[in-house]
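Numbering (this note's numbering), first residue to last: 2 to 116. The C-beta atom is built at its ideal place from N, Cα and C for all residues, glycine as well. Quantities reported herein were computed from a predicted structural model and do not represent experimental measurements.
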Amino acid sequence: MAYLVVLVLDNPDQCPDVLRAWDETGVPGATILESTGLARMQKAIWDDLPLVPSVRDLLGTRELHHRTLFTVVQDEKAVDCVIAATQEVIGDLNTHHTGILFVVPVVRVLGLERK
């Protein structure tokens, strides 16, 4: 069975190293998105915005982004390798401000194996 591995990486500067580590485990590819957590966004809005904020104020707040990486791997052994490689780069995921990683079973995958 295939698995979707999703990592919300707290420190965007670690993204290249995590991707390199994933590549070394044989991950076939990954997608990277900018993302922002609710708590971080609420704190930034509360701290940085004027009493009546404009859209420009909302979009112009300081850097609040995480990186969300995801990939599909073929089996649990690959999942374990990705988790180990991730923690070698960013440290124990149970430590604050490292990230959140979760794994979801995938029933069907199309497009991974190209003809």
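Strand pairing of residue i, partner residues [DSSP]
i           : result
residue 106 : 4
residue 39  : DSSP lists no partner for residue 39.
residue 68  : 10 and 35
residue 100 : 10
residue 73  : 5
8 Å Cβ cutoff met for residue i and residue j
i          : j          : result
residue 70 : residue 8  : yes
residue 19 : residue 96 : no
residue 73 : residue 22 : no
residue 37 : residue 83 : no
Interface flag, residue i vs chain B, CB-CB below 8 Å
i          : result
residue 75 : Going by chain labels, chain B is absent from the structure shown, which holds only one protein chain.
Other residues of its chain near residue i: CB distance less than 7 Å, five sequence neighbours each side excluded
i          : result
residue 11 : 67, 98, 99 and 100
Neighbourhood of residue i by C-beta, 6 Å cutoff - its chain only, sequence neighbours within 5 removed
i          : result
residue 34 : 69
Are the segment 20 to 38 and the segment 103 to 112 touching by the rule of at least three beta carbon pairs closer than 8 Å? Result no; under three Cβ-Cβ pairs closer than 8 Å.
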